[in-house]
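The structure under discussion appears below in the form of structure tokens.
Residue numbers (UniProt numbering): 1 to 365.
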């Protein structure tokens with residue numbers, strides 16, 4: 001029996017939207033990252049996150065930003081609705097976190113979403129619920145302070161396979177904690193709070209802090225004492241870098257690399273490999289440093305529209321920029337390495353370890 005060609009059918013809109021949502025919202029931490037970025041775009045100086053059951057039961061974020069206009073609540077969860085982009089050409093110089101208008105829409109397709117918001121001009125707050133990108137019921141006036149509260153409940157209730165593939169609630173909470181930690185370090189002008197529902201704060205930073213203070217507060221005093229400053233200002237490459245890296249006297253069993261490009265949390269395998277190669281000459285085998293790097297590039301030289309989750313970006317002159325950063329890291333390590341003291345690997349951030357000096361190592365040999 002000969003095989004017959006399959007019939008091509010247009011997918012139902014609900015199916016299309018859920019597939020798209022699954023690419024952007026892969027787990028609770030992804031949803032939170034999108035919402036934190038919305039809060040930062042709204043100029044918030046306070047962001048509070050409360051989590052139930054690893055974010056699967058409930059994930060709530062409260063900010064004191066500019067809020068959402070009452071007239072925009074009808075469409076705020078529809079796909080491709082945004083206040084940050086008007087035409088395609090704007091992508092070449094985008095300076096906000098959000099731009100596609102997909103974050104809230106995607107969340108509403110895989111969870112029950114409620115928004116309570118108040119702008120400076122509003123006499124009261126407004127509350128609205130959403131499902132599958134659509135307003136559910138009517139927008140209702142209510143009491144509330146300026147800013148926005150978003151509550152995400154029963155994440156992946158309609159995508160059982162995705163829900164089953166996630167880790168245990170404590171592991172999902174750790175991923176959420178990693179996201180809050182990154183953004184709290186990079187945005188010291190904003191105070192962050194993260195806690196599990198009914199428990200004490202797991203992370204708490206104050207507004208108008210500093211990057212260095214927040215690194216110490218979140219990742220531990222031992223890392224704080226080992227920090228070296230990195231600074232680059234290259235007008236030819238149009239590259240500015242501010243960063244803090246640990247010296248050769250400190251190492252972690254599992255390295256921490258916080259990388260921001262134009263204030264967006266991203267990953268760069270090339271940059272990580274280059275820096276790891278430098279540290280491999282200094283640190284014990286199997287250990288790694290703490291790194292925080294903030295790169296500022298001409299927005300016209302950065303393509304942020306590469307990946308649905310925006311965690312990957314492309315930029316011009318990448319090899320030259322990586323080389324410049326490598327040189328700065330090497331100089332910082334050499335400058336901070338006068339004593340040539342090597343520490344045994346710390347098991348956890350903040351853990352201390354006995355020192356082994358170069359002289360001791362020579363005696364051992």
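Heads up, the beta-carbon is just placed ideally off N, CA and C, and yes, glycines get one too.
Spatial distance of residue 218 from residue 225 (CA atoms) = 13 angstroms
Under three-state DSSP, which class holds residue 242?
-> Strand at residue 242.
Please report the Cβ distance between residue 53 and residue 113, rounded to the nearest whole angstrom; I am assuming they are in contact, meaning their Cβ atoms lie under 8 angstroms.
-> With a Cβ gap of about 17 angstroms, residue 53 and residue 113 do not count as contacting.
Beta-ladder partner(s) of residue 150, from DSSP | 61, 115
Quick one, which of 294, 155, 276 has its alpha-carbon nearest residue 287's?
-> Here the closest residue by C-alpha is 276.
Among 123, 319, 246, 72, which residue has its Cα nearest to the Cα of residue 142?
-> 123
With a CB to CB cut of under 6 angstroms and the five nearest residues on each side skipped, what residues in its chain are close to residue 186?
-> If you ignore the 5 residues before and after residue 186, its C-beta comes within less than 6 angstroms of the C-beta of 260, all in its own chain and listed in chain order.
Segment contact flag, the stretch 63-72 with the stretch 208-216, C-beta cutoff 8 angstroms, min 3 pairs | No: the two stretches stay apart, fewer than three of their Cβ pairs being nearer than 8 angstroms.
Taking the CB atoms as reference points, tell me whether residue 148 and residue 115 lie closer together than 8 angstroms.
-> In terms of Cβ geometry, residue 148 and residue 115 form a close pair [threshold 8 angstroms].
How big is the Cα-Cα spacing for residue 314 and residue 157?
-> 34 angstroms
Taking the Cβ atom as the reference point for each residue, do residue 50 and residue 182 lie within a distance shorter than 8 angstroms?
-> Taking 8 angstroms as the Cβ cut-off, residue 50 and residue 182 do not qualify as a contacting pair.
Cβ pair count under 8 angstroms reaching 3, the stretch 196-208 against the stretch 220-237 = no
Expected contact under 8 angstroms - CB spacing of residue 69 and residue 119 to nearest Å = Between residue 69 and residue 119, the beta carbon gap of about 6 angstroms places them in contact (Cβ cut-off 8 angstroms).
N-terminal and C-terminal residue of the beta strand (DSSP E) that residue 204 is part of = 201-204 is the extent of the beta strand (DSSP E) around residue 204.
Could you say which of 145, 227, 165, 129 lies nearest to residue 121 if we only look at CA atoms?
-> 145
So what's residue 48 in DSSP terms, helix, strand or just coil?
-> strand
How big is the Cα-Cα spacing for residue 290 and residue 161?
-> About 35 angstroms.
Helix, strand or coil: which one does DSSP assign to residue 72?
-> In the three-state reduction of the DSSP assignment, residue 72 falls in the helix class, which pools H, G and I.
Can you tell me which of 27, 72, 252 puts its alpha carbon nearest to the alpha carbon of residue 171?
-> 27
Hey, quick one: how far does the alpha helix (DSSP H) through residue 224 stretch, first residue to last?
-> 221-225
Assigned secondary structure, residue 313 (DSSP; H/G/I helix, E/B strand, else coil) | coil
Using DSSP bridges, identify the partner residues of residue 191.
-> 46
Buried or exposed: residue 164, going by 16 or more other Cβ atoms within 10 Å of its Cβ?
-> By the neighbour-count rule (16 or more Cβ atoms within 10 Å), residue 164 is not buried but exposed.
Name the DSSP bridge partner or partners of residue 141?
-> DSSP lists 126 as partners of residue 141.
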